[in-house]
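Working notes for the structure below.
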Amino acid sequence: RGKAFARYASYYLSTNGQTYWSDTNQLSAYLPDYARKLREQIGGEESSLIITEIYVPRPALAEFLTQAAELLRSNGTLVIYGTVRLIEKDNESFLPWAKESYACVIFNLLTLHTSAGIEASAKSFRGLIDLAIARGGSYYLTYHRFARRDQVAACYPQFSKFLDLKSKYDPAGRFQSDWYRHYRQLFAG
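Position 54 of the sequence shown, counted from 1, bears residue number 41 in the numbering used here, the numbering being contiguous throughout.
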């Protein structure tokens, strides 16, 4: 363990001072009172932001964004923040989040802390995932638990195998999280 840490620390320290081409593109303004002011305008209810990343083939980005805007407007969804970036194929993970080089669209949705508010955000997230799937895309698995089982299976076809391997290598269930328990239950049926 000490050797691994030393190797990681050495690499991390060697990157000090490096500037990457995208750094200056990330210097936008952050308005800390924005969410509070918005909550006051919509009724003062407690709320928070929930993030998702949606992946679409790069040639399908414009069409996806057009349909995503229509979906979010028709649902009355409040999108607080969004970015688009390019991501490369993930060749290392058992559950690869990018099966090809994609355009990644990040959405932050304002979610009211009510049953109706949470379900409204869930509906929008599921709709965005459906739009991605229709274009051969995917989504990032760990940001929220709103995806349906069929959506998880479409975007992560090896997910059942992941659960089987988790049981095989951790039969006592020593390593668990709320995330794992949610998906184990979702795929139990």
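Virtual Cβ for every residue (Gly too), placed ideally from N, Cα, C.
query	result
Out of F94, A141 and L150, state which residue places its alpha-carbon closest to the alpha-carbon of H131.	F94
Go to G160, then tell me how far its beta strand (DSSP E) extends in each direction, as first and last residue.	Looking at the DSSP string, G160 is not in any beta strand (DSSP E), and its letter there is neither H nor E.
Just the C-alpha distance for Y68 and L96, rounded to the nearest angstrom, thanks.	7 Å
Does DSSP put F178 in a helix, in a strand, or in coil?	Since the first and last residues shown for the chain are -12 and 176, residue 178 lies out of range.
Going by DSSP, which residues form a beta bridge with L99?	S34
Given a threshold of 16 other Cβ atoms within 10 Å of its Cβ, counted over all protein chains shown, does S111 qualify as buried or as exposed?	buried
In the stretch 51 to 137, which residue ranges form an unbroken beta strand (DSSP E) of at least 3 residues, counting only runs that do not cross its ends?	66 to 74 and 89 to 99
Is it a yes or a no for the stretch 81 to 88 touching the stretch 58 to 67, going by three-plus beta-carbon pairs under 8 Å?	no
I'd like to confirm the pairing. Which residues does DSSP put opposite I41 in its beta bridges?	V92 and Y126
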